[in-house]
Amino acid sequence: MKPFGRLLDFDNALAIVLNAVVPVDTSESVPIKNLFGRVLAEDLRAIMSIPPFSRAAMDGYAVIAEDTFGAGRRSPKSLRVVDQIFAGDAPFVTTEKGKAVQIATGAPMPAGADAVVMVEETERVDEQVNIYKAVYPGANIGQAGEDIKQGEIILKQGTQFDAGKIGVLASQGFSEASVFRKPRVAIMPTGEEIAPAGQALKPGQIYDINSHTLAAVVGSNGGEPVKMPIAEDKPLKLRTAIEKALENDMVVISGGSSVGERDLMFSILEDLGKVLFHGIQVKPGKPTMFAVIDGKPVLGMPGYPTSCLINGHVLLAPAVRKMARLPVEAKRPAEAMLAQSVPGSVGRRQFLPVKLVAGQAWPLFKESGAITATAEADGYLDIPANIDILEKGETVRVFLFNG
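Reading the sequence shown from the start, the letters are residues 1 to 403 in full-length UniProt numbering.
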């Protein structure tokens, strides 16, 4: 049995992984309805000004500002109402001195008018309107191009679309945009001890868990998960499966990196490319392996569900995010009070799942094969290798799984 190589500390392991992955450089055109979360592949310029015309910023009367000068509660100015304009109307009337046009919020300003008097500062009397407050030119008007000017860059390359940015795109009438392709990440489970969902279990088998949890990690971090069939732990079949998976941008292998199976996986990866590390000073996840084959990153994950998923959050997610051109550091820590003491794992960095209840972080002490540990958890503690104990009542930082 081949022993683990020199165990790397986690920061060095993460640096090696991030140094090996490169952002995707191909793009695709995607309909606006599917743009949320995608990354813009080119600068976008405005093809029209927003607003495209000067419009009323509130309900009231479009006037020539000079006609209102001197107006007050005791000495209103009276103007003749000659028309009414609603949002969506095309104004054909021209406002002349001594006249006003009733106007709705968002309606285009009529020619000649240079201000809007709020309806609250007026009184309608038949065909006349009394103005009780003077306005200055430009008052209560959204000027054409005030928000966006035709020709200016409205969204820069590398922008990730959220609801607001999709709104900016829609304001220009764009129905699609060019975005970077999602990195395709092959997820390859291994071992005769696991079976796909829907298939009857043989004695000693369990259902494949890791493919689905890792696919969720990949998908939620900007990647496109590509689920591969379960590979048998036989040299030729395993090698063939890895070569097929390498048609994608990255390969994640679940299982085959621990005692018994790891020799075979190590030898195949070393033969196809170069293993950059095998073994990390972390708990859980010590037997993690990383290789590069023809420029493609290959991450070998532990088979135990909790170990695999924690590694998915702390190692796989940053790599996928870099490839997807998203900020690598996505998780924001929340502060909480530790509900009970936690022993450290001196010499190994520890990622411990915790549940948040009323501002307290409750550690979930379960073995690495217990999938309920991460199902019940809201996040994890990142406990340095030099900590022997975290005391009850300490303020700790919880890295949220969904945050």
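Ideal Cβ placement from N, Cα and C applies to all residues, glycine included. Since this is a predicted model, take the numbers as computed values, not measurements.
Under 7 Å between C-beta atoms of residue i and residue j
i, j, result
"GLU127", "VAL81", "yes"
"ILE253", "LEU272", "no"
"ARG321", "VAL328", "yes"
"ARG38", "PHE161", "yes"
"MET188", "ALA231", "yes"
"ILE148", "PRO76", "no"
"THR309", "THR213", "For clarity, residue 309 is Leu in the given sequence; the question names Thr instead. Cβ atoms of LEU309 and THR213: closer than 7 Å."
"LEU246", "THR159", "no"
"LEU79", "VAL129", "yes"
"ALA113", "ALA62", "yes"
"LYS366", "ALA375", "no"
"ALA241", "LEU269", "no"
"PRO297", "MET250", "yes"
"LEU35", "ILE166", "yes"
"VAL22", "ALA319", "no"
"PRO110", "VAL101", "yes"
"LEU381", "LEU352", "yes"
"ARG332", "ALA385", "no"
"ILE50", "SER171", "yes"
"GLU146", "LYS133", "no"
"LEU356", "ASP378", "yes"
With 16 other Cβ atoms within 10 Å as the buried cut-off, status of residue i
i, result
"LEU236", "exposed"
"THR306", "buried"
"PRO183", "buried"
"GLN350", "buried"
"ARG325", "buried"
"PRO137", "exposed"
"THR395", "exposed"
"LYS99", "buried"
"GLN281", "buried"
"PHE69", "exposed"
"ILE154", "buried"
"ILE47", "exposed"
"ALA177", "buried"
"ASN12", "exposed"
"MET337", "exposed"
Simplified DSSP assignment, three categories, for residue i
i, result
"GLU232", "coil"
"GLY88", "coil"
"SER258", "Summary for SER258: the model assigns pLDDT 48, below 50, so the residue's position carries little reliability; its value from the coordinates is reported in the next sentence. Note: SER258 maps to coil in three-state DSSP."
"GLU391", "coil"
"ARG321", "helix"
"PHE165", "For clarity, residue 165 is Lys in the given sequence; the question names Phe instead. If DSSP states are grouped into helix, strand and coil, LYS165 belongs with the helices."
"PRO305", "helix"
"THR288", "coil"
"ASN311", "helix"
"LEU35", "coil"
"LEU79", "strand"
"ARG184", "strand"
"ILE383", "strand"
"ALA200", "coil"
"LYS97", "coil"
"PRO3", "With a pLDDT of 48 at PRO3, under the threshold of 50, the modelled position of that residue is not reliable, and no figure is offered here."
"GLU329", "coil"
"SER267", "helix"
Supposed close pair residue i, residue j - CB separation, criterion 8 Å
i, j, result
"ASN140", "ALA57", "5 Å"
"VAL24", "GLY60", "Actually they do not touch by this definition, with Cβ atoms about 52 Å apart."
"ARG181", "GLU28", "5 Å"
"SER341", "ILE389", "6 Å"
"LEU238", "LEU264", "7 Å"
"VAL346", "ASN248", "39 Å between Cβ atoms; not a contact."
"GLY88", "ARG55", "With 8 Å as the limit, GLY88 and ARG55 do not qualify as a contact, their Cβ atoms being about 11 Å apart."
Extent of the continuous alpha helix (DSSP H) run through residue i
i, result
"PRO10", "The amino acid at residue 10 is misidentified as Pro; the sequence shows Phe. Taken as a continuous stretch (DSSP letters only), the alpha helix (DSSP H) holding PHE10 covers 10–20."
"GLU192", "Run containing GLU192: none; DSSP gives neither H nor E here."
"LYS156", "First-last for LYS156: undefined, no H or E at that position."
"VAL218", "210–219"
"THR372", "372–376"
Span of the beta strand (DSSP E), counted from its first residue to its last, around residue i
i, result
"LYS355", "349–357"
"ASN140", "Looking at the DSSP string, ASN140 is not in any beta strand (DSSP E), and its letter there is neither H nor E."
"LYS133", "It is not in any beta strand (DSSP E) - LYS133 carries neither H nor E in the DSSP assignment."
"VAL116", "115–118"
"VAL275", "274–278"
"THR122", "122–125"
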